[in-house]
Amino acid sequence: MLRFIVRRLLALIPQLLVAALVVFVLTSLLPGDAAIARAGGETATPELIAQYREQLGLDKPLVERFFDFVVHAATGNLGVSFSTSEPVTDILLRKVPVTLGLVLLGFIFAILIALPLGIIAALHPNGVADRISLAVATSGVAIPNFWFAILLVLAFSLTLRWLPATGYVPITENPWQWFLHLLLPAITLGHALAAELTRQLRASLGDHLRRDYVRTMRSAGLSEFSVVGKHALRSALGPAVTTLGLQVPIAIGASVVIEAVFDLPGIGSQMVQAVFSRDIQVLQGVILFTVLLVVVASFLTDLAY
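The numbering used here applies: residue 42 is where the sequence shown begins, and numbers increase by one.
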């Protein structure tokens, strides 16, 4: 096990280097000029633009800029925001907990939705319960995130007034208010993630329930709870675990829309702001952190196996 962990950790290094190269090249090819934007737009003088280009390091060759980017990123230095002159690391430390909290709660709700629906569908294949379970799960794909989020706000915030519609409270200030402010966004995200998880769990568990070892345990007099919950479900969780790992980038992408609807100050909203302001340093930092999160999720998925 230890050898496997060391081998997988070493394999992460070239993956992160390739990811850093792709992130750097794609962000460098974005239209617009950060120096012009920082200098005040198209009305800025060439001298001022050249001054900001030198100050931001944009006058260096692309290869040298990439080398500096990798070296600084390896030490935790992601540069300084072109727009606010604030260290990108400080921005991420402020924004990342919001998105991580949303994604974590979203996956918890996805599991709470998919686990009973997948088990019910597998135990009653092609029956009424199976069709209802799949219909509920498939609605997560059929209904757009922003529309489902608006429905939740109308129902639980504006009509019933049970939950806040927008805003965010850090968990260090008030854990209960943190949970209440993230509840509707997390339900929105979990509803979208539960669809594929339910389908994978239904198919995998249904296949195991038809195998000989399950029929043997049932004929031996084991309870249905023991047969399904302790043995068949445990063996069928492989595809579901894979699905959870693959849905990490999907969850981060969906959080961009969800954060915009619920006015959450996460990395999704920060990414959109960085694109419009041509803040390359912040954009590179956010994307690189997202890549790192996906790579770590893949590593944890392998460990779960």
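Glycine included, each C-beta is placed from N, C-alpha and C at the ideal position.
It should be emphasised that the depicted structure is a prediction, and the values quoted were computed from it without experimental measurement.
Counting C-beta atoms within 10 angstroms of its own C-beta, V112 has fewer than 16 neighbours from the protein chains shown and is therefore classed as exposed.
A straight line joining the alpha-carbon of S126 with that of A114 spans about 17 Å. Within the region 248-288, the complete alpha helix (DSSP H) segments at least 4 residues long are 253-260, listed from N- to C-terminus. In the DSSP assignment, W188 falls within the alpha helix (DSSP H) that extends over 186-193.
By the beta-carbon neighbour count (other beta carbons within 10 angstroms, threshold 16), S122 is buried. Nearest neighbour of L287 by Cα position, chosen from A183, F108, F148, V64, turns out to be F148. With contact defined as three or more Cβ pairs closer than 8 Å, the region 300-308 and the region 230-248 are not in contact.
Straight through space, the alpha carbons of I321 and P128 are spaced by roughly 13 Å. In its chain, beyond the 5 residues on either side, V64 have a beta carbon closer than 6 Å to the beta carbon of I328. In the structure shown, P128 adopts extended strand secondary structure according to DSSP, grouped into three states. For D253, the closest C-alpha among the options L238, A273, F266, R135 is that of A273. Taking C-beta separations shorter than 6 Å and ignoring five residues to either side along the sequence, the partners of V298 in its chain run N186, F187, following chain order. For V121, the beta-bridge partners assigned by DSSP are P128. A residue is called buried once 16 or more other Cβ atoms fall within 10 Å of its Cβ, and E214, having fewer, is exposed. Cα atoms of D248 and K136: separation of roughly 43 Å, rounded to the nearest angstrom. Per the coordinates, the alpha-carbon of V255 lies some 56 Å from the alpha-carbon of F107. Burial state of P226 is buried, judged by a 10 Å Cβ sphere holding 16 or more other Cβ atoms.
Sequence-distant partners of L193 (beyond 5 residues in either direction) whose C-beta falls short of 7 Å from its own C-beta, in its chain, are L225, I228, T229.
Sequence-distant Cβ neighbours of S339 in its own chain, meaning closer than 7 Å and more than five residues away, are G286. According to the DSSP assignment, T213 belongs to no alpha helix (DSSP H), since it is labelled neither H nor E.
Straight across, the Cα-Cα distance linking V177 with F150 is about 14 Å. For T116, the secondary structure class from DSSP, reduced to helix, strand or coil, is coil. Here DSSP, grouped into helix, strand and coil, assigns S318 to coil. Counted as a single uninterrupted DSSP element, the alpha helix (DSSP H) harbouring T179 occupies residues 169-183.
Distances from the CA of A61 to each of T200, N167, V289, V336 were compared; the closest alpha carbon is that of V336.
The Cβ-Cβ distance between I152 and L238 falls below 9 Å.
Assignment of P157 by DSSP, reduced to helix, strand and coil, places it in the helix class.
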